[in-house]
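Residue 720 in this note's numbering sits at position 172 of the sequence shown, with consecutive numbering throughout.
By construction, the Cβ of each residue, glycine as well, lies at the ideal position given by its N, Cα and C atoms.
Just so it is clear, the structure is predicted and the values come from calculations on it, not from any experiment.
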Amino acid sequence: MSLEVVSLENIQELASQYGYWAVFIGILLENLGIPLPGETITLAGGFLAGSGELNYWLVLGCAIAGAILGGNFGYLIGRYGGWALLLTIGKILRIREEKLVELKQQFSENAGKTVFIGRFIALLRIFASPLAGIVEMPYLKFMAYNIAGATVWGAVMVTLSFFAGKVVPLEQLVAWAAQFAVLALLIVAAWIFVPFLWELRQTKES
549 MSLEVVSLEN
559 IQELASQYGY
569 WAVFIGILLE
579 NLGIPLPGET
589 ITLAGGFLAG
599 SGELNYWLVL
609 GCAIAGAILG
619 GNFGYLIGRY
629 GGWALLLTIG
639 KILRIREEKL
649 VELKQQFSEN
659 AGKTVFIGRF
669 IALLRIFASP
679 LAGIVEMPYL
689 KFMAYNIAGA
699 TVWGAVMVTL
709 SFFAGKVVPL
719 EQLVAWAAQF
729 AVLALLIVAA
739 WIFVPFLWEL
749 RQTKES
């Protein structure tokens, strides 16, 4: 899920007019942190494939390729500038560098799982790759999880809209995908940040 800056009708028109390029560029840019509805464009591409306007395998290939390439760029951005930016944000929020280092270590231990599972979670799909770069996850290891996550995510999204789109309106598919992504984000946020914020509060009080 991402910030919806264009209507679903416009997204369908873009996917119909530009086809595979719309799917490829849409998800690539979303992975770079640009607020474009890449997931929605992918669902629209699968929907059009189900109606015979596009080829299923080409839509799937473009979705996977865009996700992999976008994740790769995100990793490089995090690797070569993300930590300095995070320290700056930490100073603004008055979070000590030691705490950020501790959080970095905790993320590093679960970076692979986050890169893979993050494909299905709102916002995390955008930030998982840069965070992997920040914690200096080995590049080959990152690419393995990046490719696996992009492939599974692309297969699920395109196949879902390809088959379900024949009996369910695209609007409903997009709504379901968005609701699932937000619910997953809330669960992950509670699991990760509630203990961290609690510990941070205890530290300030002591």
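Segment limits, alpha helix (DSSP H) that includes residue i
| i | result |
| --- | --- |
| Val683 | Where Val683 is concerned, there is no enclosing alpha helix (DSSP H), given that its DSSP letter is neither H nor E. |
| Gly759 | Given a span of 549 to 754 for the chain in the structure shown, any question on residue 759 remains unanswerable. |
| Lys759 | Not covered by the structure: residue 759. The range shown for the chain is 549 to 754. |
| Gly593 | 586 to 598 |
| Phe664 | 659 to 665 |
| Ile582 | Looking at the DSSP string, Ile582 is not in any alpha helix (DSSP H), and its letter there is neither H nor E. |
Own chain, CB closer than 7 Å to residue i, minus 5 neighbours either side, in chain order
| i | result |
| --- | --- |
| Lys689 | Gly660 |
| Trp701 | Ala615, Arg667, Phe668 |
| Gly567 | Leu602 |
| Ala613 | Phe572 |
| Ala696 | Phe664 |
| Gly619 | Asn579, Ser677, Asn694, Ala698 |
Exposure label - residue i; buried when at least 16 CB within 10 Å
| i | result |
| --- | --- |
| Asn558 | exposed |
| Ala563 | buried |
| Tyr628 | exposed |
| Ala698 | buried |
| Glu578 | buried |
| Asn694 | buried |
| Pro717 | exposed |
| Phe711 | exposed |
| Val722 | buried |
| Ala611 | buried |
| Ser599 | exposed |
Straight-line Cα distance separating residue j from residue i
| i | j | result |
| --- | --- | --- |
| Gly666 | Glu601 | 30 Å |
| Leu551 | Glu587 | For Leu551, the predicted structure reports a pLDDT of 41, less than 50, and the residue's modelled location is therefore unreliable. A value from the coordinates is still provided. Looking at the two C-alpha atoms, the distance is approximately 11 Å. |
| Ala597 | Val706 | 9 Å |
| Gly594 | Glu657 | 35 Å |
| Ile625 | Met685 | 13 Å |
| Ile674 | Gln565 | 26 Å |
| Leu580 | Lys714 | 31 Å |
| Val607 | Leu617 | 15 Å |
| Val663 | Tyr687 | 12 Å |
| Phe621 | Trp605 | 24 Å |
Heavy atom of the ligand NAD within 7 Å of residue i beta-carbon
| i | result |
| --- | --- |
| Met705 | This structure lacks the ligand NAD; in fact it carries no ligand of any kind. |
Nonlocal neighbours in the same chain, by C-beta distance under 6 Å from residue i, ignoring five residues either side
| i | result |
| --- | --- |
| Tyr623 | Ser677, Ala680, Gly681, Phe690 |
| Ala703 | none |
| Ser709 | Leu591, Gly594, Phe595, Leu721 |
| Leu672 | Gly666 |
Contacting residues, own chain, Cβ-Cβ under 8 Å from residue i (five flanking each side not counted)
| i | result |
| --- | --- |
| Ile589 | Ile559, Leu562, Ala563, Ala570, Val571, Gly574, Ile575 |
| Gly630 | Pro678, Leu679, Gly681, Ile682 |
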